[in-house]
Amino acid sequence: MAYTEKVMDHFANPRNVGELPDANGIGEVGNPKCGDIMRMYIKVENNVITDVSFKTFGCGAAIATSSMATELIKGKTIDEALKLTNRAVMEALDGLPPVKVHCSVLAEQAIKAAVADYYTRQGIDPTPFVGKIEECDHEHGCSCTEC
Ligand code: FES
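In terms of our numbering, the sequence shown opens at residue -17 and continues consecutively.
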C-alpha cells in the first residue's frame, strides 16, 4: 500500500510545527523499536486546547500523523482530545500502510502525555484522566489500540 495523498501532503507540509513558547502542557513519547521521538505542545485555556504544535524526530508517517493530530485537537476540549485514537488520525489521513500503523500510536500517546503534563502542572494527578502512558513494542501485548 502506498501512502495516500493526505499523508504525503501532511508529510511535505506539516501543520503546526515547532515549539509553542507559551505551552502549558508538553508531552514527549518515543517508540522503543524504531527510536523515533514525538513531542507535543499544548496551550490550554478554560479546558480548551487553544493552540498546539509538535516536533517529531521520526519517519514520514510519524510526521504526518503528528500534523493531522494537531489539526484534529486544536480548539477541542481536553476530554475530546483524550478521545482521539490513532485509528481516527489514520482515517483522517485516508489510511496508512499496515507496517506504519504503530507510528500513529505515537501521536495518540503524545497528546495524552501533553495533557498529563498539563494536569501535573495544575497540581492535579493526571492518572484518572489519562491513564498510564505506555511505550508499546507491540510484541508483548499492551493497552494500545493496536494490541
Ligand atoms: Fe518510527 Fe514510524 S518508524 S514512528
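Even glycine gets a Cβ: it sits at the ideal position worked out from N, Cα and C.
Item                                                                                                                            : Value
Exposed or buried, which one is R21 when buried takes at least 16 other CB atoms within 10 Å?                                   : buried
Roughly how many angstroms lie between the CA atoms of F36 and E1, to the nearest whole one?                                    : 7 Å
Within 10 angstroms of its Cβ, does D4 collect 16 or more other Cβ (buried), or is it exposed?                                  : exposed
First and last residue of the alpha helix (DSSP H) that includes Y101?                                                          : V83 to R103
Let me check you understand the geometry: is the CB of N68 closer than 7 Å to at least one non-hydrogen atom of the ligand FES? : no
Between M50, V34, N29 and K15, which lies nearest to Y141 when the distance is taken from Cα to Cα?                             : Nothing about residue 141 can be read from this structure; the chain reaches only from -17 to 129.
Is it buried or exposed, K15, if we count other Cβ atoms within 10 angstroms and call 16 or more buried?                        : exposed
With DSSP as the reference, identify every bridge partner of G12, one or two as the case may be.                                : I19
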